[in-house]
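Its first residue numbered 17, the sequence shown is counted upward by one per residue in this note's numbering. The block underneath contains the structure these notes are about, expressed in structure tokens.
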Amino acid sequence: PRSCLKPMQATAMLGIGLELPDDQLAIACASHDGAAMHLDAVRSILASFGLSESDLQNTPAASLSDPSPDAPTSSLRQNCSGKHAAMLATCVVNGWPIESYLDVEHPLQVAITAGMADLGCTVHHVGVDGCGAPTHALAIDELARAFGMLASNGSDVARAMRANAMLVGGT
């Protein structure tokens, strides 16, 4: 499922102490297009936790909102930067190292994998997404039930995404 796991990853991070206002939580769940509003939201997460753009370890990319062949690339512009900023923030909250936050054995990633189980998903394999983060192979029916649960139980993640739809994707 790759990027569609972001709401579940964010739910797991909330469960281990991350607290974000709704706009920042929405960008943590986003596959954003790199518009200024998206970059500002990611920067706000980083600044809130004493982090900087240079701490992001996701794969640099151009903004999806800038189709020109010479568009600048950066980790901030890549569509998963909000998730990565939230992952870093979760590490800060828990006193975990940020340099290795993408390692599948890092306490953050172990907690996210456990969070998948908390949502009723059996993790069959952990691979690496195109953004560099661990991603989980799940059964499609379990994934659908987990999304249904998040959408129907008044979760913070679902509320934030509904309230900030433009941050989740874009125009």
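No residue lacks a Cβ here, since even glycine has one placed at the ideal position from N, Cα and C.
Among the candidates the options, whose CA atom is the shortest distance from the CA of residue i?
{"i": "Met182", "options": "Ala102, Gln125 and Leu55", "result": "Leu55"}
{"i": "Ser60", "options": "Ser97, Thr27 and Asp134", "result": "Ser97"}
{"i": "Thr27", "options": "Leu104, Ala174, Glu121 and Gly66", "result": "Ala174"}
{"i": "Gly146", "options": "Leu154, Pro123 and Lys99", "result": "Lys99"}
{"i": "Gly136", "options": "Ala155, Gln94 and His122", "result": "Ala155"}
{"i": "Leu36", "options": "His140, Leu67, Arg18 and Ala105", "result": "Ala105"}
{"i": "Gly148", "options": "His140, Gln125 and Ala162", "result": "Gln125"}
{"i": "Asp157", "options": "Asp172, Cys45 and Val139", "result": "Val139"}
{"i": "Pro113", "options": "Arg161, Leu67, Ala162 and Ala160", "result": "Leu67"}
{"i": "Gln73", "options": "Ala160, Arg161, Ala153 and Ser116", "result": "Ser116"}
{"i": "Leu118", "options": "Ser47, Asp49, Val109 and Met103", "result": "Met103"}
{"i": "Thr89", "options": "Leu41, Gly50, Pro123 and Asn110", "result": "Gly50"}
{"i": "Ser91", "options": "Leu166, Gly185, Asp39 and Ala77", "result": "Ala77"}
Using DSSP's beta-bridge definition, name the partner residues of residue i.
{"i": "Gly143", "result": "Thr151"}
{"i": "Ala44", "result": "Partner(s): none; Ala44 has no beta bridge."}
{"i": "Ser90", "result": "Ala77"}
Quick one: is residue i buried, meaning 16 or more other Cβ sit within 10 Å of its Cβ, or exposed?
{"i": "Ile43", "result": "buried"}
{"i": "Asn169", "result": "exposed"}
{"i": "Ala101", "result": "buried"}
{"i": "Cys107", "result": "buried"}
{"i": "Ser70", "result": "exposed"}
{"i": "Cys20", "result": "exposed"}
{"i": "His141", "result": "exposed"}
{"i": "Arg93", "result": "buried"}
{"i": "Pro150", "result": "buried"}
{"i": "Pro83", "result": "exposed"}
Strictly under 9 Å for the Cβ-Cβ distance: is residue i near chain B by that measure?
{"i": "Asp56", "result": "Although the question refers to chain B, the structure presented lacks it and comprises just one protein chain."}
Per DSSP, what kind of secondary structure is residue i in: helix, strand or coil?
{"i": "Val109", "result": "helix"}
{"i": "Gly31", "result": "helix"}
{"i": "Glu115", "result": "coil"}
{"i": "Asp134", "result": "helix"}
{"i": "Glu121", "result": "coil"}
{"i": "Ser64", "result": "helix"}
{"i": "Cys20", "result": "helix"}
Q.
I want to know whether the stretch 124-141 touches the stretch 29-38 - three or more CB-CB distances under 8 Å.
A. Verdict: yes, contact present.
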